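As they're listed, the protein sequences go chains Y and R.
Plus 1076 on top of the position in the first sequence (first one is 1) and you've got our numbering.
Plus 1076 on top of the position in the second sequence (first one is 1) and you've got our numbering.
Where is the CB? At the ideal position from N, CA and C, for every residue including glycine.
Here the structure is a predicted model, which is why all the values come from computation and not from measurement.
First the structure, in the form of structure tokens, and then the observations on it.
2 protein chains.
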Amino acid sequence: MESRVNSDPWTVVAERLGTDLYLDLQPDPTETARGRGARRRQSLASALREAIDDGRLPPGTRVPPYRSLAADTGLARGTVAAVYQELVAEGWLVARQGSGTRVADTAQRTTAPRLTPASSSVRSAPRHDFSLGQPNPSLFPRRDWIAATRRAVTAAPDDAFGPGDPHGHPALRTSLAAYLSRARGVRTTPDQIVVTTSVKSALELLSRTVFDTTIAVESHGLPFHRQAVERGGTAAVPIPIDGGGAVVDALPHSVSAVLLTPSHQYPTGIALSPTRRTAVIEWARTSGRLIVEDDYDGELRYDREPVGALQALGPDAVIYTGSVSKSLSPAVRIAWLVLPPPMVDTVVQAKGIREPDASVVDQLILADLIDTGAYDRHIRRSRQFYRRRRDVLTARLARTGVDVPGIAAGLHAVIPVPADIEPLIAAEAARRDIALVGLSGFRHPDVPQESGGIVVGFGTPSASSFTTDVDALLDLLADYLPNRRLRAE
Amino acid sequence: MESRVNSDPWTVVAERLGTDLYLDLQPDPTETARGRGARRRQSLASALREAIDDGRLPPGTRVPPYRSLAADTGLARGTVAAVYQELVAEGWLVARQGSGTRVADTAQRTTAPRLTPASSSVRSAPRHDFSLGQPNPSLFPRRDWIAATRRAVTAAPDDAFGPGDPHGHPALRTSLAAYLSRARGVRTTPDQIVVTTSVKSALELLSRTVFDTTIAVESHGLPFHRQAVERGGTAAVPIPIDGGGAVVDALPHSVSAVLLTPSHQYPTGIALSPTRRTAVIEWARTSGRLIVEDDYDGELRYDREPVGALQALGPDAVIYTGSVSKSLSPAVRIAWLVLPPPMVDTVVQAKGIREPDASVVDQLILADLIDTGAYDRHIRRSRQFYRRRRDVLTARLARTGVDVPGIAAGLHAVIPVPADIEPLIAAEAARRDIALVGLSGFRHPDVPQESGGIVVGFGTPSASSFTTDVDALLDLLADYLPNRRLRAE
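In structure tokens:
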């Protein structure tokens, strides 16, 4: 195949795709090599999105193999693979084994009339599902939920079915204050708790009320953290992570707050070191700044006692947040904030009158589950289930010489791979119907990629398929890390 | 009492309140009388809010009777009463029988440290509760909910407890499509339905996706309509209402959409006339604009068959929205949008990945309630309950010669009163511990007040107190409309 690099790359793409895609690939002399790479990647991604959006690339169209497109355009194979991966994650493209990568049926964002109604039901479940850090849905405590509903809905006073309190139902706030104190060491009264539907909406609320213009976030973290903060009008700047967790010495002076996952850094799994825990509390106290602690899976620690909440070291300086999404199910929409007392009114008022957000009926049921001990029993059962899975996964990986750090807790592991190989593995995984995401999917856009990784959520596969799923994963890794004996035996 | 009008009014206020309040009361020669009145009212409201916010007026401080403050400042009594009413509604002031109007304990919005934790539990229920258009919480179908939970949670496939679909659970969308078609004449497939937590969040979502810069709203309507639209970045301009409902001939060219309550205008209760229904559909179709129909209480019609949804006349031009807040309970956070098919993907994508918002468990329970007929039975029972209340209220008012229009449906009535008396009645109601709101509370800020009214939500009072509550209301009206024989006999 003839390479036409630097001649007229957009024509090449146009020929291969049967449409005109403008790619801004000309070098700018002032750019660094990294800046140029990022711009080219962005240009290809934008051109593809626009062509899909306006119908030039109709649903079902097969896009060229990334190797061919890379050769034709002069872009690195890893760049093109990363762009395909990004567009698959966003729903613009679908990658299926045997049929290549195609434009998705549901990808068109156009508002032009269409004959067939759109549907999200065409997204079928992947064969090997290592999607991110979700709990296993088969563990949902159905009988407990039904029994708690019977008790809570029968016993509730009439006014529980009136307009809810944006602060959260007092019964749930009382139960949560006791639970968070007992299980996580959080220091709080019921009045300091504000109930929301999700940590995402909690962060958006904070961004609209107590954050100033800029906060710091960990260099790698959940993309929704940044999105929620930014949607509320606050910028999020990254701080590095090392073996001791977030490098809190690097906190810039310009930020009014820092958002951390101190018990189990997401996604690297590292716990913030004791020295840094003390240091960041000191930083917040002396400078009048805030720490937001997302304790997203604090209860799920396998090898020793849970790392207690950072909030306990400085209840006046830490806003603590969590939800039932990992412990119970993301299908139950209940999350909470624990606020320093002076902030409570501001945050509650920002929610607006008559806007409880979270179902009051569900709040009463969760309060019952906590009060009767059913919630604790469920967490113990879940911890045993995930610990067994963690043991299977680490044993199989250990036999192959792959060291997986930060797997002492939680529902996911990061398998380190060279940075340049990461997008290739991720793209090939999609092709083999293995759902997983590369570490770069969690990287703050301003942070250069230095190390790569594959994030494996080991909670989601079904009990019947788990070992087969792990074998498929090891086979995939073996094709890219050939000098380690990864192939399943 | 000596009047010091035009000398130094802010000093007067300062003396009476023990603090310095700046009031901008000097006339501006270019102002109209109405503009001056609005500015003075605004100035007093702002000065009071600021003084409460920064602690110059501490919680518990008694503010002067509005008659005295009016006499001292030269403001009209109605103006001062309206400002007090506004601040009571916003939570800055509380009015209690026998103890006058005081600064509320929870009113401070400051983020300065405070010793006692904030709590919203200090808001106690009013003695006579005619708060707005809420269903009676004693009607909540507890046994049906418990039975539906048992069936739905037992029968659900495992993946129902995984990450929810932002589109809404397919089971609920299927049940809702059938129900809305049967009960409201809505023309929809399950795929056109998007599930949210509330009509407010649904409108915010539309504002972020399909509205252009400006939409039209009815001159009187739910304040949250405007707030949700504006928070999403869209301006809301008013169109008038007359005896035929919203005057759709007056729709300005600048708007991309109009938000209507065609079945039962909120709060006036008027149904949009057949001619206007046809006209507004024609307007939308020929100009490529949109109609948003909030069918907030479409099922609750007492004297004849429900007015069908406007959406049925133009499913390609109308976005239909509704919720269970009136039909079941605002404690259950489920609402829906019915969208023209080309918009579905845009709206679902704007919700974001893994963000179902509404509890998936509750979605399955509602689907079960609809499918088993329990939801329809509950609505029939509710309709009978509210029809009896409506009959009691209209009979008592009719004996006094007060004509109450638009009470053929819904959970509230508007009692017409002269515009200048409305704020006096509302302020006095607060003093007598009667919860109700003046019509001006629903007026778009750009619309001049021409007629007054008292909005009475007759759903909320408890069964044991309803007749006593109505008597308290008639006594109140009698003090302000003395030439009508209103006093309870």
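| Does the distance from the C-beta atom of V1293/Y to that of A1311/Y stay below 7 Å? | Start at 1 with the first residue of the first sequence, and residue 1293/Y comes out as number 217. Start at 1 with the first residue of the first sequence, and residue 1311/Y comes out as number 235. It is not a contact, given that the beta carbons lie outside the stated cut-off.
| query | Which value, in whole angstroms, describes the spacing of the CA atoms of T1422/R and V1270/R? | reply | To locate residue 1422/R, count along the second sequence from 1; it is residue 346. To locate residue 1270/R, count along the second sequence from 1; it is residue 194. If I take the Cα positions, the gap works out to 11 Å.
| If we ignore side chains and look at the alpha-carbon of each, how far apart do A1333/Y and A1393/Y end up? | For the purposes of this step, residue 1333/Y is taken as the residue at position 257 of the first sequence. For the purposes of this step, residue 1393/Y is taken as the residue at position 317 of the first sequence. Taken atom to atom, the span from the alpha-carbon of A1333/Y to that of A1393/Y is near 10 Å.
| request: Using the DSSP secondary-structure output, state which residues sit across from D1234/Y in a beta bridge. | output: As a first step, residue 1234/Y is located in the first sequence; it is residue number 158 there, counting from the start. In the DSSP output, where bridge partners are listed per residue, D1234/Y has none listed.
| message | I need the DSSP call for L1442/Y, collapsed to helix, strand or coil. | response | The residue labelled residue 1442/Y in the question sits at position 366 within the first sequence. L1442/Y falls in the helix class under three-state DSSP.
| For D1235/Y and I1530/R, the rounded distance between their alpha carbons | One-based indexing of the second sequence puts residue 1530/R at position 454. One-based indexing of the first sequence puts residue 1235/Y at position 159. Spanning the two alpha carbons is a distance of roughly 24 Å.
| request: Please state whether DSSP places V1198/Y in a helix, a strand or coil. | output: For the purposes of this step, residue 1198/Y is taken as the residue at position 122 of the first sequence. Because the pLDDT at V1198/Y is just 37, under 50, the model does not fix this residue reliably, and the value given afterwards should be weighed accordingly. In this structure, DSSP gives V1198/Y a state outside helix and strand, which the three-state scheme calls coil.
| Based on the DSSP output, what are the partners of W1412/Y in its beta bridges? | In the first sequence, the residue the question calls residue 1412/Y occupies position 336. Bridge partners of W1412/Y: V1271/Y and G1398/Y.
| request: Under 7 Å between beta-carbons, which chain Y residues line up against P1239/R? List them in chain order, please. | output: On the second sequence, position 163 is the one that residue 1239/R refers to. Against chain Y, the beta carbon of P1239/R has neighbours under 7 Å at Q1210 and P1406, listed in chain order.
| request: Indicate whether at least one CB of chain Y lies closer than 7 Å to the CB of R1226/R. | output: Here residue 1226/R refers to the residue found at position 150 when the second sequence is read from its first residue. For R1226/R, the closest Cβ of chain Y is nearer than 7 Å.
| task | Kindly list the residues whose CB is nearer than 7 Å to the CB of A1253/Y, restricted to its own chain and excluding five residues on each side of it in sequence; keep chain order. | result | As a working note, residue 1253/Y is residue 177 in the first sequence. Within the same chain, A1253/Y has close Cβ partners T1264, T1265, P1266 and I1269.
| Are there 16 or more other CB atoms within 10 angstroms of the CB of E1526/Y, so buried, or fewer, so exposed? | Position 450 of the first sequence, counted from the start, is the residue given in the question as residue 1526/Y. That one is exposed.
| task | Write down the C-beta distance between R1472/R and L1552/R rounded to the nearest angstrom, noting that I regard them as a contact closer than 8 Å. | result | The sequence position of residue 1472/R within the second sequence is 396, counting from 1. The sequence position of residue 1552/R within the second sequence is 476, counting from 1. 13 Å between Cβ atoms; not a contact.
| task | Starting from the N-terminal side, write out each stretch of the alpha helix (DSSP H) that is 4 residues or longer and does not extend beyond the segment 1288-1372 of chain R. | result | Whole alpha helix (DSSP H) segments, 4+ residues: 1299-1307 and 1350-1363.
| field | Inter-residue Cα distance where the pair is D1205/R and R1178/R | value | Numbered from 1 along the second sequence, position 129 holds the residue referred to as residue 1205/R. Numbered from 1 along the second sequence, position 102 holds the residue referred to as residue 1178/R. About 20 Å.
| message | Does F1205/Y come out as helix, strand or coil in the three-state DSSP assignment? | response | As a working note, residue 1205/Y is residue 129 in the first sequence. This sequence places Asp at residue 1205/Y; Phe is not what is there. In the three-state DSSP reduction, D1205/Y falls in the strand class (E or B).
| Can you tell which of V1546/Y, S1435/Y and Y1462/Y has its C-alpha closest to the C-alpha of H1243/Y? | Numbered from its first residue, the first sequence carries residue 1243/Y at position 167. Nearest neighbour of H1243/Y by Cα position, chosen from V1546/Y, S1435/Y and Y1462/Y, turns out to be S1435/Y.
| message | With distance defined between alpha-carbon atoms, name the residue in G1390/R, R1409/R and G1154/R nearest to G1398/R. | response | The residue you call residue 1398/R lines up with position 322 of the second sequence. Looking at the Cα atoms, R1409/R is the closest of the given residues.
| message | Against chain Y, does R1222/R count as a neighbour if the rule is that its beta carbon must be under 7 Å from one of theirs? | response | In the second sequence, counting from the first residue as 1, residue 1222/R sits at position 146. At residue 1222/R the sequence reads Ile, which differs from the Arg that was named. It does; some Cβ of chain Y falls within 7 Å.
| query | If we ignore side chains and look at the alpha-carbon of each, how far apart do S1257/R and A1502/R end up? | reply | Mapped onto the second sequence, residue 1257/R falls at position 181. Mapped onto the second sequence, residue 1502/R falls at position 426. Between S1257/R and A1502/R, the C-alpha separation is close to 40 Å.
| said: Let's test the definition: count the other Cβ atoms within 10 Å of the Cβ of G1528/R and tell me whether it reaches 16, buried, or not, exposed. | reply: Taking the first residue of the second sequence as position 1, residue 1528/R is located at position 452. Buried, because 16 or more other Cβ atoms sit within 10 Å of the Cβ of G1528/R.
| message | My output table needs one value for I1483/R: the three-state DSSP class, helix, strand or coil. | response | Sequence index remark: in the second sequence, residue 1483/R carries index 407 (1-based). In the structure shown, I1483/R sits in coil (DSSP, three-state: anything other than H, G, I, E or B).
| said: Using the three-state DSSP reduction, which class does V1139/R fall into: helix, strand or coil? | reply: Counting from 1 along the second sequence, the entry for residue 1139/R is found at position 63. V1139/R sits in coil when the DSSP states are folded into three classes, being neither helix nor strand.
| request: Go ahead and pull the three-state DSSP assignment for H1454/Y. | output: Against the first sequence, residue 1454/Y aligns to sequence position 378. When DSSP states are grouped into helix, strand and coil, H1454/Y belongs to the helix group.
| field | Neighbour flag for R1521/R against chain Y, beta carbons, 7 Å | value | Residue mapping note: residue 1521/R aligns to position 445 of the second sequence, counting from 1. Residue identity differs from the one stated: residue 1521/R is Pro in this sequence, not Arg. Under the 7 Å criterion on CB atoms, P1521/R is classed as non-interfacial with respect to chain Y.
| query | In or out: R1125/R buried (at least 16 other Cβ within 10 Å) or exposed? | reply | Taking the second sequence and counting its residues from 1, the one referred to as residue 1125/R is at position 49. Buried is the call here.
| V1156/Y in three-state terms, based on DSSP | Numbered from 1 along the first sequence, position 80 holds the residue referred to as residue 1156/Y. Correct three-state label for V1156/Y: helix.
| So which of I1483/Y, P1314/Y and T1337/Y has the shortest CA-CA distance to A1326/Y? | In the first sequence, residue 1326/Y corresponds to position 250, counting from 1. Nearest in C-alpha terms to A1326/Y, of all of I1483/Y, P1314/Y and T1337/Y, is P1314/Y.
| request: Hey, could you find the ends of the beta strand (DSSP E) V1177/Y is sitting in? | output: Residue 1177/Y sits at position 101 when you count from the first residue of the first sequence. As written in the sequence, residue 1177/Y is Thr, which differs from the Val given in the question. From DSSP, the beta strand (DSSP E) with T1177/Y extends over G1176 to V1179.
| task | Quick one: give me the first and last residue of the alpha helix (DSSP H) that A1253/R is part of. | result | Your numbering for residue 1253/R matches position 177 in the second sequence. Its alpha helix (DSSP H) spans residues P1246 to R1260.
| Below-7 Å beta-carbon distance, P1193/Y vs any chain R residue | As a working mapping, residue 1193/Y is identified with position 117 in the first sequence. Because the pLDDT at P1193/Y is just 31, under 50, the model does not fix this residue reliably, and the point stays unresolved.
| task | Give a yes or no on whether the minimum CB-CB distance between P1343/Y and chain R is below 7 Å. | result | Walking along the first sequence from the start, residue 1343/Y turns up at place 267. With 7 Å as the cut-off, P1343/Y does not count as an interface residue toward chain R.
| query | What residues of chain C sit near D1438/Y, judged by a beta carbon separation below 8 Å? | reply | Absent from the structure: chain C. Protein chains present are Y and R.
| Exposed or buried, what is D1479/Y when buried is set at 16 or more other beta-carbons lying within 10 Å of its beta-carbon? | The residue you call residue 1479/Y lines up with position 403 of the first sequence. In this structure D1479/Y is exposed. Its beta-carbon is surrounded by fewer than 16 other beta-carbon atoms within 10 angstroms.
| task | Using a Cβ cut-off of 7 Å (strictly closer), state whether S1214/R contacts chain Y. | result | For the purposes of this step, residue 1214/R is taken as the residue at position 138 of the second sequence. Interface with chain Y (7 Å Cβ-Cβ cutoff): S1214/R is included.
| Any contact of the segment 1533-1550 of chain Y with the segment 1204-1220 of chain Y, i.e. 3+ C-beta pairs under 8 Å? | Put simply, the segment 1533-1550 of chain Y touches the segment 1204-1220 of chain Y. At least three CB pairs are less than 8 Å apart.
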